[in-house]
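Worksheet: the structure to be examined is printed underneath.
Residue numbers (the numbering used here): 37 to 329.
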């Protein structure tokens with residue numbers, strides 16, 4: 037009998053041990069659904085380059101709201117200023133101090149500077165964003181446009197267009213990609229086409245001209261995620277076919293070096309520009325903006 041009691045006592049201890057273990061595991065429940073959702077999840081943010089591309093794309097494709105612009109009578113006409121290098125040495129180079137002074141002069145005298153999209157809109161709608169408008173352009177894409185012109189554009193909040201020779205990318209005196217991206221991201225500078233090789237178009241066949249237009253446009257579109265709309269003819273040279281070929285390539289306006297104010301009667305693909313030379317007085321500068329030459 038004593039032996040049987042001992043056996044029952046051992047069995048009872050085993051049963052109690054098993055029960056305690058089961059209670060322990062049951063009590064240690066798995067996290068609830070609400071608890072699982074509260075665990076912080078690391079978010080994956082887009083990389084900086086992607087953000088930059090999206091911002092650049094937004095700037096280049098920004099729609100122009102002309103609903104508040106003023107209508108005007110007569111022909112569409114305004115000055116398109118032609119700059120090249122901001123330096124010294126010849127009649128195409130403007131010293132940095134003189135360029136900065138001219139931007140200050142435009143600011144003081146109430147001039148509104150146009151983007152390419154705004155210039156196109158002025159021609160299409162016969163409306164303008166201000167009484168005094170001007171379009172500032174730079175040809176070739178010199179590095180000093182960033183180093184010496186861009187600071188003045190920022191200081192006086194003036195917009196400008198740089199017509200870039202795409203085959204010159206990588207040349208030591210030409211704009212780099214970071215420089216162009218910084219200027220574009222500011223919303224003040226647009227990069228447009230000055231062809232691939234900067235050769236005189238009037239010496240080319242139709243096929244050669246088309247290649248210059250299409251290839252440079254594709255390069256700019258791919259690099260900046262934009263729809264390039266302006267073609268600036270090298271040395272201002274063109275022939276009868278050039279405007280037709282430029283339009284067929286998808287451009288909206290074509291710029292020459294013919295002197296004078298840009299006027300719709302010239303044709304939208306043979307627009308005149310105002311050449312800016314060094315050492316202009318304020319009076320001479322104003323005369324050029326008013327009369328073109």
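We put the CB at the ideal spot given by N, CA and C, even for glycine. No experiment lies behind these values; they were computed from the predicted model shown.
Alpha helix (DSSP H) segment containing residue i, residue limits
i           : result
residue 256 : 242 to 260
residue 117 : No alpha helix (DSSP H) contains residue 117, which is instead part of the beta strand (DSSP E) from 116 to 119.
residue 284 : 278 to 284
residue 215 : 213 to 221
residue 191 : 186 to 192
Neighbourhood of residue i by C-beta distance below 6 Å, restricted to the same chain and skipping five residues each side
i           : result
residue 184 : 122, 132
residue 113 : 297, 299
residue 215 : 182
residue 58  : Because the pLDDT of residue 58 is 42, which lies under 50, any placement of that residue in the model is unreliable, and the number read from its coordinates should be weighed accordingly. Taken in chain order, the list of residues that qualify is empty.
residue 197 : 152, 173, 226, 228
residue 323 : none
residue 143 : 192
residue 327 : none
residue 128 : 120
residue 233 : 203
Start-to-end residues for the beta strand (DSSP E) that takes in residue i
i           : result
residue 323 : Taken as a continuous stretch (DSSP letters only), residue 323 belongs to no beta strand (DSSP E), being part of the alpha helix (DSSP H) at 318 to 327.
residue 199 : 196 to 200
residue 228 : 225 to 229
Per DSSP, the bridge partner or partners of residue i
i           : result
residue 1   : Residue 1 lies beyond the stretch modelled for the chain, which goes from 37 to 329, so this question has no answer here.
residue 290 : 267
residue 113 : 299
residue 129 : 121
residue 210 : 178
residue 106 : 164
Same chain, Cβ closer than 7 Å to residue i, neighbours up to 5 away in sequence not counted
i           : result
residue 124 : 131
residue 321 : 138, 141
residue 209 : 178, 179
residue 303 : 279
residue 154 : 100, 165
residue 285 : 246, 249, 250, 253
residue 188 : 135, 136, 139
Proximal residues to residue i (C-beta, below 8 Å), its chain only, five neighbours per side dropped
i           : result
residue 329 : 295, 296, 310
residue 237 : 231, 245, 248, 269, 270, 273, 274, 275, 278
residue 240 : 248
residue 102 : 157, 161, 163, 165
residue 147 : 166, 168, 169, 170, 325
residue 287 : 229, 249, 253, 264, 265, 266, 267, 305
residue 257 : 263, 264
Closer than 7 Å: residue i CB and nearest the ligand SAM heavy atom
i           : result
residue 277 : In terms of ligand content, the structure shown is empty, and the ligand SAM therefore cannot be addressed.
Complete beta strand (DSSP E) runs within the stretch 145 to 184 (minimum length 3 residues, chain order):
169 to 176
Does the stretch 227 to 243 come close enough to the stretch 259 to 278 to have 3 or more Cβ pairs within less than 8 Å?
yes
Between the stretch 304 to 318 and the stretch 282 to 291, are three or more C-beta pairs nearer than 8 Å?
Under the 8 Å Cβ criterion, the stretch 304 to 318 counts as touching the stretch 282 to 291, having at least three qualifying pairs.
Decide if the stretch 200 to 210 is in contact with the stretch 163 to 172; the criterion is three or more beta carbon pairs, one per stretch, under 8 Å apart.
no
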